[in-house]
Structures are given as structure tokens and as C-alpha cells.
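Okay, so here's the structure we're looking at.
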Amino acid sequence: MPEPIRVLVTGAAGQIAYSLLYSIGNGSVFGKDQPIILVLLDITPMMGVLDGVLMELQDCALPLLKDVIATDKEEVAFKDLDIAVLVGSMPRRDGMERKDLLKANVNIFKTQGAALEKYAKKSVKVIVVGNPANTNCLTASKSAPSIPKENFSCLTRLDHNRAKAQTVQQRGAAVIKARKLSSAMSAAKAICDHIRDIWFGTPEGEFVSMGVISDGNSYGVPDDLLYSFPVTIKNKTWKIVEGLPINDFSREKMDITAKELTEEKTTALEFLSSA
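Numbering (the UniProt record's numbering), first residue to last: 1 to 275.
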């Protein structure tokens, strides 16, 4: 059996993580012969809840789970990581301006990027889930300059999966209205799909959606953005699928997204440089 890999999940006391952790621990993501040391990070006020999650994972008696560590300390959480799944972020609260939300998240992902830089393996694969995922991912990457930026990706798979199921664009809002909570089960499934594809590669002839660094793409998206592209993955390395036809509707949506992400990035970099 191979050596255990160290997998971090942040925001580990939250509802998405609760739907995610069992799949990571039972072999659904990294395979049925890959032992795992699972590290759970959350903020200090959530440690009581996190202890409950830890007890449940222990009660599952999953043979691949060699250890579970619950912590609120970054030097413990980020040490020697193979995979970091950054789920935790500041949620938008009533009356909160978008800029305030962005600033709070820049602070979180700057700190976590710096912790990756200081403690994690340089080969670590970083998957950002917490919204605004694209800009949070870019912030973390820029705060960890010695880790290749190609190692960072953000989750756009949930919308990809929704598109495959032919569900509507406003599905996220519909789930919140019905459950009074945001999508957790479907988000966790999308995270599992995303990580599994990084780990094992994409099937021959298939591509998936993933937020990755935009440098050198053929779709007219400016460089140095974390942008959702069609990618294939082999040997844990993604490659943008070039030359897919883009109709006028898609082009317009892509340009709007690039403009929004450029504005977010500019604001985030201002916060980064002043922090």
C-alpha cells in the first residue's frame, strides 16, 4: 500500500465539508488503496463543532483513514500537505457590500497562501471552493510564489455538472430558496469530481471545467486571471482544450466574466499590497 497522503479541508465544521469528508475518507476520491491523513481546519469558535465531526469520522472506522487531525492552527494544518481543499471563506452577510466581502476574503486567502508557502510541500495541489473562488484562488497563489501557479485551481465543476444535467442557470438560488441553505451535497460531489480528475486524469476524449490560470489561452481571456476553461488532465497536470467554437452568446458572457474578474483582481491586489 502506498504512503499516506496529507489532505487538508478548511471550513471543516461547515455543511459542504460535512458532505465531503466521508467521500474523501472512504476511497471515493483518491482510490481504494490510498491511505489518507485527513486534516480539518476551522476557526477557534468552531472547534466544538469540529470535535463532533472528528468523532463521527472516527466512528465510521474507515480503513483508509490513518489519522484525523482537527485544529485551528495553520502551522499544524498546512504542514507537509499533498492536497489542500480550501472550502472555508467569509460568507456574504445582509447589508455587506461586495467590496467588504472581497476584502475579508483577501485577508483569509492571503494568510492561507502564506501558510501554504511556509509549511506545505511545493508539489501541493490547491483547490479553492470558497467564494468568490476565482479571486480567492488567485490571492492564495500570489501569496505562495514558490508553489507553481499551475498547482492552483478553483471549483467551477458544479455549474459544469448542472449543465450536463441540463438544469438551469439560476439553480443555486433555487436551492437556497428551498433549503434556506446553499448547495452542499451537490457542491461536495463537484469537489470530489474535481479532485479525482486532478489525481487520476480525465478519460480519453473528455474534458472538464476547472478554474485555472489563464496565461497563454486561445480564447481571448486576459492573462493572470483564474478563469474557468475546458481542460484535460494527465499525470496530475491540466491542459486547456483550445479551439472550441464560441458562439456570440457565449462570447458575450465570457467577456463579461473576464471584465468582472479583472475588476475583482484589481481590488484584491490593492488590498493585498496595503495589508
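Even for Gly, the Cβ is constructed at its ideal location relative to N, Cα and C.
Spatially closest choice to residue i from the options, by CA coordinates
i           : options               : result
M90         : L155, L272, D42       : D42
V231        : G201, V124, K149      : G201
K239        : E150, L38, K259       : E150
L269        : K125, K32, S228, K99  : K99
P192        : I213, V212, K103, I83 : The question names Pro, yet the displayed sequence has Cys at residue 192. Measuring from the Cα of C192, the nearest candidate turns out to be I83.
L86         : V49, D80, I69, G11    : G11
E264        : S250, N131, A188      : N131
I198        : M254, I233, K79, P35  : I233
A144        : C154, T135, G113      : G113
residue 282 : G95, H194, A104       : Nothing about residue 282 can be read from this structure; the chain reaches only from 1 to 275.
K79         : G48, I37, M96, M46    : I37
M1          : P35, G14, K253        : P35
Cα-Cα separation between residue i and residue j, rounded to whole angstroms
i           : j    : result
F229        : D72  : 34 Å
K164        : S209 : Here the model assigns K164 a pLDDT of 49, short of 50, so the residue's position is not dependable, and the following value carries that caveat. Cα to Cα, the separation comes out at about 11 Å.
D223        : A61  : 46 Å
V106        : L244 : 33 Å
S274        : L64  : 44 Å
I213        : I246 : 20 Å
V241        : C137 : 21 Å
K118        : D248 : 45 Å
residue 286 : L81  : Summary: the structure shown does not reach residue 286, with the chain confined to residues 1 through 275, and so no result is reported for it.
A77         : T257 : 33 Å
K189        : Y219 : 28 Å
L8          : R251 : 36 Å
F207        : H194 : 11 Å
F152        : D67  : 25 Å
I5          : G52  : 23 Å
For residue i, the three-state DSSP class (helix, strand or coil)
i    : result
T135 : helix
G31  : coil
V208 : strand
V129 : coil
- Query: Could you give the uninterrupted runs of the beta strand (DSSP E) lying entirely in the segment 218-273, keeping only those of 3 residues or more?
  - Reply: Entirely contained in the segment 218-273, the beta strand (DSSP E) runs reaching 3 residues are, in chain order, 226-234, 237-240.
- Message: For a minimum of 3 consecutive residues, which ranges assigned as the beta strand (DSSP E) are wholly contained in the UniProt domain "Lactate/malate dehydrogenase N-terminal" (6-152)?
- Response: Runs of the beta strand (DSSP E) inside the UniProt domain "Lactate/malate dehydrogenase N-terminal" (6-152): 36-41, 65-71, 83-86, 125-128.
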